[in-house]
Structures are given as C-alpha cells and as structure tokens.
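Here the sequence shown is numbered in the numbering used here, starting from 10 and rising by one per residue. The C-beta atom is built at its ideal place from N, Cα and C for all residues, glycine as well. One structure is given below, encoded as structure tokens.
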Amino acid sequence: MKLFNKVLLPAIALCIGGCSSVAKSWPDAESDLSYCHEKVRAALTHLPSDTTVMPRNIQGGEKTWACRPVSAEEWCSGFWPGVLWYDYEYSGDPAIRAAAEEATRRLQPILEQPVFDHDLGFLIYCSYGNAYRLTGDDAYRVAIVNAADSLATLFNPAVGTILSWPRHVKDFGGHNTIMDTMINLEMLFFAAKNGGNPYCYDIAVSHAETTMRHHFRPDGSCYHVAVYDPATGEFMRGCTHQGYADSSMWARGQAWAIYGYTVVYRETHDPRFLDFACKVADVYLDRLPADMIPIWDFDDPRGLEAPRDASAAAVVASALLELEGYADSTRAARYSTAAREMLASLASDAYRSGDTNDSFLLHSTGHHPAGSEIDASIVYADYYYIEALNRLRSINNKSDKELLARH
Ligand code: GLY
10 MKLFNKVLLP AIALCIGGCS SVAKSWPDAE SDLSYCHEKV RAALTHLPSD TTVMPRNIQG
70 GEKTWACRPV SAEEWCSGFW PGVLWYDYEY SGDPAIRAAA EEATRRLQPI LEQPVFDHDL
130 GFLIYCSYGN AYRLTGDDAY RVAIVNAADS LATLFNPAVG TILSWPRHVK DFGGHNTIMD
190 TMINLEMLFF AAKNGGNPYC YDIAVSHAET TMRHHFRPDG SCYHVAVYDP ATGEFMRGCT
250 HQGYADSSMW ARGQAWAIYG YTVVYRETHD PRFLDFACKV ADVYLDRLPA DMIPIWDFDD
310 PRGLEAPRDA SAAAVVASAL LELEGYADST RAARYSTAAR EMLASLASDA YRSGDTNDSF
370 LLHSTGHHPA GSEIDASIVY ADYYYIEALN RLRSINNKSD KELLARH
C-alpha cells in the first residue's frame, strides 16, 4: 500500500543524497504520530489542573512540563493548544479534542487586551488558527480576525514593517523588526481572506518585501533584528538579540525566514517570494551538519561541540515539506529529501525524548545569550514537529492515492 512512500521515495533519496556521509533512515509518519499521541496522553495526566498556565519547557532532568501563566507577554502560550489540535487531527480522539478546546479557551484574555507585541500571531494562529481549520467553528475565525486587526496596529507605514517589540524601541534605538515576525504574517493573510480587513494582506506583503530588502546578507542568511528610523523608514542596522553575533546565522532565525517566505509565496503566488524562500533555505541546508540538526547558531566557534537546536530543525522540516510543492524539480527533490532526513533524525534516539520526559523532542535551544533554555525540551519544537509529521502524512496519503489511481 505505501509502496511509493516506503520504497520508491527512499530510493530516490539515496540517489539524490548520495553525497551525504551518514546512513539515513526514513521517517514513518504514522508511527511517529502514534508516538506523539502517546506522549500527549501521558503529559495530560501530569499537567497541573490550573487552567491559567500553559506548558513551556522541560529542563535539567525534569520529567514533566514546567508551565507559565498564560499571557500576551508569554509568547509560547499558543503552542500547547496547537500541539493538541495537531494530535487531534491525527488521532481523532475526542478526549484530545476536548483538551484542545479547553486549552484554546485559556487564551481568551489575550484577545481582550491591546496588542503587547508581534507574538500575538504565534499566540493566536497556532491555537485558534488550527482550531478553526479543524472545526470550522466561526467563533474561532472571528477571534483570529480581531487579533489580526490588533496586530496590524503595530505596522509602521513609513518603515513598511510591523514593530516587533514596542518595549525595546529605546534599547535598539529605533523601530525594531525581528525575523520571527515573518511567522505572524500568516494570521494577517488569513484575516484578509476570511472576512477581515483586506488591508491586512497589504501589510503582510509590505512587511515581507521590506524585510527581504534589508534583513538579509548577500548569501541569504539573515540578521535576527533589523532597526529602522521610525520616521523616515531608513534601514539603520542589522544586529542580533538571540544569536551568537550580529554577523552570524542564528539557526531558528533562519528557520523563521524559510517558513515565513514559504507562506508568503503560498499566499501571494509572487515568484519573487518563491525564489527568496529557496535562497534562504539553500544557505541553511548548505551549512547543516550530517545529522541535519543545526547547532543553535551556525557561527558559534565551538562548532559541533555547541548545543543543537532541534526546534529549528522541526520548523525547517515543516517548511520544506510545503516548499517542495512549489519549487522547481531539482530543488523540490533536495527539499523533500532534506525534510525527511530531518524528521528521521528527530525521531532517532539522539533527539527523541522517549522515556526521558513528557516532551516529544530533546535538545532545543531557546535564548542562548541569556543562558535560558539551553539543551532543553521546548514546546514550540514539539509544535512544529507534530505539524511536520501531519504534513508528511498528508503528502504520503496523497501519493498513495495518486499511485492507486494510476493502476
Ligand atoms: N520568537 C522567539 C524565538 O524564536 O525564540
């Protein structure tokens, strides 16, 4: 039945990946999703009954999720509801759906406040976005549209981008836009085509264009932060906040760029954004270690001795599973193989949590310069991992159907 996926695709991958120095196994989306489902079920029995908090990380030999109060200032509050929705998509388990609905409701207070920063997109689209996609309940759509309006108030037309961190304008000496904000454009695109303000589309495109112009070096690697004059819109400098150096390639920042420009191409069909998504993906892939999981910043001089970032690998795997559907055939083959190698590596004993703790994945890095969440399980790694597995499962199911139709 899974002839194409289990036999032909690995064979193709072996040909394409022939230069790779490690033997690669192949991810089995069904069994990896089943693993995730069991982990979610176990985690739910260990989480506190307090419904004002949300899982954030598991560090230092702990077994269960450390939770933080749900808040607009806690940028990770939307990922756990998102994990539950993706698990429900796979399992159809009504208990998981009930847990997903309850966890999504916890974010309601955030919707009733003025926007705190750009993370409103992460908070609401990973939770309410998946809730609406899977249930079609209009209340979720309305919430997203309102959140998009709120996010849009951070847009500065003189600059052409969203102000990521209003609280850090003085620290950076201007309007700051971080690469992570590329992820939050998806909520604006959604709103524009689902009954919200059409201006949200224009903001998203302007943000993507301006970011493309200023936020990258000639090789396609990005700065974490771009600083602009808020009055004239002049680009002042590129620098880092969570990376090793202003000139370095912070792995998760580059991952946000790959994912973000893939979404912008999906929503605009503008070939400039497809070319750009490929360019920013290629520089990342060119520098990966053999096991396909980046060190937290590609330019940390410790090289492979430095901590890895499984979360960046999960974000990129998910993005590449979409980008392979848009790219030319040579690139599509490269992205297809790379995404599957990343997922296989994440499913290996080296990165899978297994019996270690309640997360899916070990070895992510949150904020290395601040000494925070280094070599930890972090909830957004799990979110993008289970998203990627659901994407791979859809691709596999589609391939099976196409193969059967040809016979
Ligand atoms: N958005 C913050 C991060 O990627 O760590």
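Where the beta strand (DSSP E) through residue i begins and ends
{"i": "Cys135", "result": "No beta strand (DSSP E) contains Cys135, which DSSP labels as neither H nor E."}
{"i": "Ser338", "result": "That residue, Ser338, is in no beta strand (DSSP E); its alpha helix (DSSP H) goes 338-355."}
{"i": "Cys248", "result": "244-248"}
{"i": "Gly375", "result": "373-376"}
Per DSSP, the bridge partner or partners of residue i
{"i": "Pro78", "result": "Val62"}
{"i": "Asn185", "result": "Val236"}
{"i": "Arg317", "result": "Ile304"}
{"i": "Thr170", "result": "Asn165"}
{"i": "Ala385", "result": "Ser373"}
Sequence-distant residues of its chain with Cβ nearer than 8 angstroms to residue i (five each side left out)
{"i": "Thr61", "result": "Pro78, Val79, Arg115"}
{"i": "Thr170", "result": "Phe164, His184, Thr186, Thr190, Ser215, His216, Thr219, Thr220, Ala235, Tyr237"}
{"i": "Leu140", "result": "Inspection of the sequence shows that residue 140 is occupied by Ala rather than by Leu. Counting only Cβ-Cβ distances below 8 angstroms, and skipping sequence neighbours, we find Pro90, Trp94, Ala109, Glu110, Thr113, Asp146, Tyr149."}
Buried/exposed call for residue i, threshold 16 Cβ in 10 Å
{"i": "Pro103", "result": "exposed"}
{"i": "Thr339", "result": "exposed"}
{"i": "Ala148", "result": "exposed"}
{"i": "Ala107", "result": "exposed"}
{"i": "Leu313", "result": "exposed"}
{"i": "Gly403", "result": "Sequence check: residue 403 is Ser here, not Gly. Exposed: under 16 other Cβ atoms inside 10 Å."}
{"i": "Leu398", "result": "buried"}
{"i": "Ala161", "result": "buried"}
{"i": "Ser354", "result": "buried"}
{"i": "Thr241", "result": "exposed"}
{"i": "Thr365", "result": "exposed"}
{"i": "Ser256", "result": "exposed"}
{"i": "Leu413", "result": "exposed"}
{"i": "Thr249", "result": "buried"}
{"i": "Ser136", "result": "buried"}
{"i": "Gly130", "result": "buried"}
Span of the alpha helix (DSSP H), counted from its first residue to its last, around residue i
{"i": "Ser403", "result": "388-414"}
{"i": "His55", "result": "38-55"}
{"i": "His223", "result": "208-223"}
{"i": "Ser362", "result": "Neither: Ser362 is in no alpha helix (DSSP H) and is coded neither H nor E."}
{"i": "Thr113", "result": "103-114"}
{"i": "Glu195", "result": "194-202"}
{"i": "Gly91", "result": "88-100"}
{"i": "Asn366", "result": "Here Asn366 belongs to no alpha helix (DSSP H), and DSSP marks it neither H nor E."}
{"i": "Cys287", "result": "280-295"}
{"i": "Val272", "result": "260-277"}
{"i": "Pro118", "result": "117-120"}
{"i": "Tyr141", "result": "139-144"}
Any non-hydrogen atom of the ligand GLY within 7 angstroms of residue i CB
{"i": "Gly375", "result": "yes"}
{"i": "Asp318", "result": "no"}
{"i": "Asp189", "result": "yes"}
{"i": "Arg142", "result": "no"}
{"i": "Trp84", "result": "yes"}
{"i": "Arg176", "result": "no"}
{"i": "Gln251", "result": "yes"}
{"i": "Arg226", "result": "no"}
{"i": "Arg261", "result": "yes"}
Same chain only: Cβ atoms within 6 angstroms of residue i, ignoring 5 sequence neighbours per side
{"i": "Glu333", "result": "Ala341, Tyr344, Ser345"}
{"i": "Trp174", "result": "Asp126, Asn185"}
{"i": "Val49", "result": "Asp96"}
{"i": "Asp300", "result": "Ser354"}
{"i": "Tyr393", "result": "Ala323, Val324, Ser327"}
{"i": "Asp309", "result": "Tyr253, Ala315"}
{"i": "Ala32", "result": "In this predicted model, Ala32 has a pLDDT of only 47, less than 50, meaning its place in the structure is not dependable; the value taken from the coordinates is given anyway. Same-chain partners within the cutoff: there are none."}
Cβ neighbours of residue i in the same chain (closer than 7 angstroms, five flanking residues each side left out)
{"i": "Ser381", "result": "Gly375"}
{"i": "Met188", "result": "His224, Cys231, His233, Gly262, Trp265, Ala266"}
{"i": "Ser100", "result": "His46"}
{"i": "Ala167", "result": "Pro239, Ala240, Thr241, Gly242"}
{"i": "Leu194", "result": "Ala213, His216, Ala217, Gly269, Val272, Val273"}
{"i": "Arg3", "result": "Only positions 10 to 416 of the chain appear in this structure, which leaves residue 3 out of reach."}
CB contact check: residue i to chain D, cutoff 8 angstroms
{"i": "Ser320", "result": "Absent from the structure: chain D. Only one protein chain is present."}
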